[in-house]
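Asks:
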Amino acid sequence: MSTATQEYTRVAVVTGASRGIGKGIALRLAADGLDVVVADLADQKDSLSAVAEEIRGLGRKALTVSCDVSKEDEVQAMVDATVSELGRLDVMVANAGIGVGGSVMDADIEAWEKCWAVNIKGVLFCYKHAARQMVKQGDGGRIIGASSICGQKGYAGIGAYCISKAAVRSLTQTTALELREHNITVNAYAPGVIDTAISASTVSGLTSFYKFLVANPLDEEHGAGYHIKQLLKIPEGVRTGQPSDVANVVSFLVSSKSHFVTGQTLCVDDGVHFT
Numbered sequence: 001m002s003t004a005t006q007e008y009t010r011v012a013v014v015t016g017a018s019r020g021i022g023k024g025i026a027l028r029l030a031a032d033g034l035d036v037v038v039a040d041l042a043d044q045k046d047s048l049s050a051v052a053e054e055i056r057g058l059g060r061k062a063l064t065v066s067c068d069v070s071k072e073d074e075v076q077a078m079v080d081a082t083v084s085e086l087g088r089l090d091v092m093v094a095n096a097g098i099g100v101g102g103s104v105m106d107a108d109i110e111a112w113e114k115c116w117a118v119n120i121k122g123v124l125f126c127y128k129h130a131a132r133q134m135v136k137q138g139d140g141g142r143i144i145g146a147s148s149i150c151g152q153k154g155y156a157g158i159g160a161y162c163i164s165k166a167a168v169r170s171l172t173q174t175t176a177l178e179l180r181e182h183n184i185t186v187n188a189y190a191p192g193v194i195d196t197a198i199s200a201s202t203v204s205g206l207t208s209f210y211k212f213l214v215a216n217p218l219d220e221e222h223g224a225g226y227h228i229k230q231l232l233k234i235p236e237g238v239r240t241g242q243p244s245d246v247a248n249v250v251s252f253l254v255s256s257k258s259h260f261v262t263g264q265t266l267c268v269d270d271g272v273h274f275t
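Residues in the sequence shown are numbered consecutively from 1, following the UniProt record's numbering.
Structure follows, in structure tokens:
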């Protein structure tokens with residue numbers, strides 16, 4: 001990205017932005033001075049509108065878009081709406097994702113493929129159509145995807161999810177090489193245990209494999225993060241993060257200070273994995 005003085009306000013798209021990490025990223029980018037398009041499934045419309053209002057409260061423009069990232073035509077429409085309403089696209093954060101549990105021996109291929117459709121194809125479609133728009137604009141850009149510590153190594157009971165997040169890591173490296181000549185950096189973040197709704201759904205999916213929650217029900221005192229660490233045998237003492245911890249890393253990756261960083265997957269996990 002050029003270090004010349006910018007004469008325009010940068011525009012970011014954040015998928016899966018109605019809650020959790022996506023919401024945290026959207027609000028952080030708005031605080032950093034970007035106009036933000038927040039996207040999520042149609043049934044998250046009310047939550048998405050609330051996030052948009054918070055962005056406007058920070059003095060930035062906001063646009064809400066209903067988008068199922070597993071459908072390429074909807075991702076294309078999201079990018080088109082961004083350019084039509086806000087004039088350009090400078091940052092794509094392909095954050096949307098889902099979790100699914102189950103052993104390899106008991107694999108429900110329909111459930112696994114649904115996970116891959118969102119977590120792999122969804123990221124691919126966001127990378128593809130954001131890249132096309134950024135190349136067309138000729139000003140460089142930032143593309144960022146959601147991987148996970150589960151993409152760094154396998155964890156029993158969540159094979160589908162691990163596979164999908166490892167794929168994001170590989171896709172990020174490939175895309176970074178292809179877009180380097182266009183001054184577009186491509187990176188990913190790999191969260192550790194973060195207290196979000198997807199953590200709770202992952203706990204639910206893992207229950208059938210580990211039977212852990214039969215004796216230890218998910219409760220407000222412990223929260224999803226505690227149970228995820230128990231289920232995945234993450235070392236005692238590792239902290240549970242907040243969406244803002246991931247948003248801080250994305251803020252750096254979006255900034256001009258990260259111009260020499262591309263093709264990387266940055267772990268945000270309190271030292272669970274070293275890369």
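Note that CB positions come from ideal geometry on N, CA and C, so glycine has one too.
Would you call Lys165 buried or exposed, if buried means 16 or more other Cβ atoms sit within 10 Å of its Cβ?
Replies: Walking along the sequence shown from the start, residue 165 turns up at place 165. Buried: at least 16 other Cβ atoms inside 10 Å.
Asks: Does the segment 8-27 touch the segment 91-103, meaning 3 or more C-beta pairs lie closer than 8 Å?
Replies: Cβ pair count under 8 Å is three or more, so yes.
Asks: For Asp270, which residues from the same chain have a beta carbon less than 7 Å from its beta carbon, with the 5 sequence-adjacent residues on both sides left out?
Replies: Translated into positions along the sequence shown, residue 270 becomes position 270. Result list for Asp270: Gly192, Val238, Arg239 and Gly241, in chain order.
Asks: Alpha carbon to alpha carbon, how far is Ser18 from Asp43?
Replies: Numbered from its first residue, the sequence shown carries residue 18 at position 18. Numbered from its first residue, the sequence shown carries residue 43 at position 43. Approximately 10 Å between the Cα atoms of the pair.
Asks: What is the DSSP secondary structure of Gly57, counted as helix, strand or coil?
Replies: For the purposes of this step, residue 57 is taken as the residue at position 57 of the sequence shown. If DSSP states are grouped into helix, strand and coil, Gly57 belongs with the helices.
Asks: Is the segment 170-183 in contact with the segment 121-128, if contact means three or more CB pairs nearer than 8 Å?
Replies: The segment 170-183 is in contact with the segment 121-128.
Asks: Take residue 281 as the anchor and find which of Cys267, Phe260, Ser49 and Asp108 has the nearest alpha-carbon.
Replies: For the chain, the structure presents residues 1 to 275; residue 281 sits outside this window and is missing.
Asks: For the candidate residues Asp46, Gly22 and Ile55, whose alpha-carbon lies nearest to that of Asp32?
Replies: In the sequence shown, counting from the first residue as 1, residue 32 sits at position 32. Of the listed residues, the one whose Cα sits closest to Asp32 is Ile55.
Asks: Just tell me which of Lys61, Gly159, Ser47 and Val79 has its CA closest to the CA of His129.
Replies: On the sequence shown, residue 129 is found 129 positions in, with the first residue counted as 1. Comparing Cα positions, the closest option is Val79.
Asks: Near Val249, what residues of its chain come up, given a Cβ to Cβ distance below 8 Å and the 5 sequence neighbours on each side ignored?
Replies: Stepping through the sequence shown from its first residue, residue 249 is reached at position 249. Cβ within range, chain order: Tyr189, Leu266 and Val268.
Asks: What is the DSSP secondary structure of Val123, reduced to helix, strand or coil?
Replies: To locate residue 123, count along the sequence shown from 1; it is residue 123. Helix, per DSSP.
Asks: Verify whether the separation of the beta carbon atoms of Ile144 and Leu58 is less than 7 Å.
Replies: For the purposes of this step, residue 144 is taken as the residue at position 144 of the sequence shown. For the purposes of this step, residue 58 is taken as the residue at position 58 of the sequence shown. No, these two residues do not count as a Cβ contact at 7 Å.
Asks: Please give the ranges of any alpha helix (DSSP H) in the segment 35-96, keeping only runs that are unbroken, at least 4 residues long and fully inside the region.
Replies: Here the runs fully enclosed are 45-57 and 72-86.
Asks: Pick out whichever of Ser147, Glu72 and Leu179 has its Cα sitting closest to the Cα of Lys136.
Replies: Taking the sequence shown and counting its residues from 1, the one referred to as residue 136 is at position 136. The option with the nearest alpha carbon to Lys136 is Leu179.
Asks: Given Glu85, which residues of its chain have a CB within under 6 Å of its CB, disregarding the five upstream and five downstream residues?
Replies: By 1-based counting over the sequence shown, the position of residue 85 is 85. Cβ neighbours of Glu85 beyond the five flanking positions: Leu63.
Asks: Taking the continuous beta strand (DSSP E) assigned at Cys267, which residues delimit it?
Replies: The count along the sequence shown starts at 1 and reaches residue 267 at position 267. Taken as a continuous stretch (DSSP letters only), the beta strand (DSSP E) holding Cys267 covers Thr265 to Val268.
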